[in-house]
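Mapping to the UniProt record's numbering: the sequence shown position 59 is 59, numbers consecutive. A quick write-up on the structure given underneath.
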Amino acid sequence: MDVRIGADESADNGFLGALFADEGAALVHMARWYVDDKTAAEDLVQEAFIRLSRHIHRLRDPSKATAYLRRTVINLARDHNRRGFVSFRHRPPADPDEPSTEEIADGRAARAEVIEALRALPMRQRECLTLHYYYDLGVAATAAALGLSENSVKTHLRRGRKALASALEDTR
1 MDVRIGADES
11 ADNGFLGALF
21 ADEGAALVHM
31 ARWYVDDKTA
41 AEDLVQEAFI
51 RLSRHIHRLR
61 DPSKATAYLR
71 RTVINLARDH
81 NRRGFVSFRH
91 RPPADPDEPS
101 TEEIADGRAA
111 RAEVIEALRA
121 LPMRQRECLT
131 LHYYYDLGVA
141 ATAAALGLSE
151 NSVKTHLRRG
161 RKALASALED
171 TR
């Protein structure tokens, strides 16, 4: 970007627009690690860009704008969480974010890959893995359900996880 910061308002807007296009989604993703919902993360990023636009005339090096935004988002998230802890008792829980169509499709594709890889495993490994992870049975309960010793179940789980990981790595 060859823009002189502080030269005029249209150059500032062009710079901020390009910066938002380049970094906006990554900043929202980063903010999600700190706050509980996507809307709050988007609001924090928006506020960070507003603050940058107010003080853009002070920015001497445009390459440092992204670092400024990251630091601002983190500080805003900390403030957001501090306020949240104070008023936590007085607010209803946040509604969970609805997944996007892309996230739903990716999740279905990933599940299909796992199911296909599970079907390729030997029967005992598949049974042990599904009882242990899908039905959330412990080793002892899995052993009792299959009529195996606990050590045998542990062996099948270890081998099954290794084979499953290998099969899933091959598909990527």
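Every residue, glycine too, gets a C-beta built ideally from N, C-alpha and C. Since the model is a prediction, treat every value here as computed from it, not as a measurement.
- Item | Rounded separation between R119 and K64 - CA only | Taken atom to atom, the span from the alpha-carbon of R119 to that of K64 is near 51 angstroms.
- Message: Which same chain residues end up closer than 8 angstroms to V28 when comparing Cβ atoms and leaving out the 5 residues on each side of it in sequence?
- Response: Cβ within range, chain order: K38, A41, E42, V45.
- Can you find at least 3 beta carbon pairs, one from the segment 107-119 and one from the segment 52-63, that sit closer than 8 angstroms? Under the three-pair Cβ rule at 8 angstroms, the segment 107-119 does not count as touching the segment 52-63.
- Message: Looking at the secondary structure, which residues open and close the alpha helix (DSSP H) in which R108 lies?
- Response: Per DSSP, the continuous alpha helix (DSSP H) segment holding R108 begins and ends at 101-119.
- CA nearest to the CA of residue 200, picked from R78, H156, E102, R82: Absent from the structure is residue 200, since the part of the chain shown begins at 1 and ends at 172.
- Item | Nearest candidate by alpha-carbon position, reference D36, set A67, R83, E116, H55 | Across the set A67, R83, E116, H55, the C-alpha of R83 shows the shortest separation from the C-alpha of D36.
- I115 classed as buried or exposed, judged by whether at least 16 other C-beta atoms fall within 10 angstroms: The residue in question, I115, is exposed, as its Cβ has fewer than 16 Cβ neighbours within 10 Å.
- Which same chain residues, not among the five before or five after R51, have their C-beta less than 8 angstroms away from its C-beta? Within the same chain, R51 has close Cβ partners T72.
- Under the assumption that A145 contacts L131 (Cβ atoms under 8 angstroms), give the Cβ distance between them as a whole number of angstroms. Indeed they touch by this definition, with Cβ atoms about 6 angstroms apart.
- Of the choices A26, D97, L121, whose alpha-carbon is the least far from that of G160? Closest option to G160, Cα to Cα, is L121.
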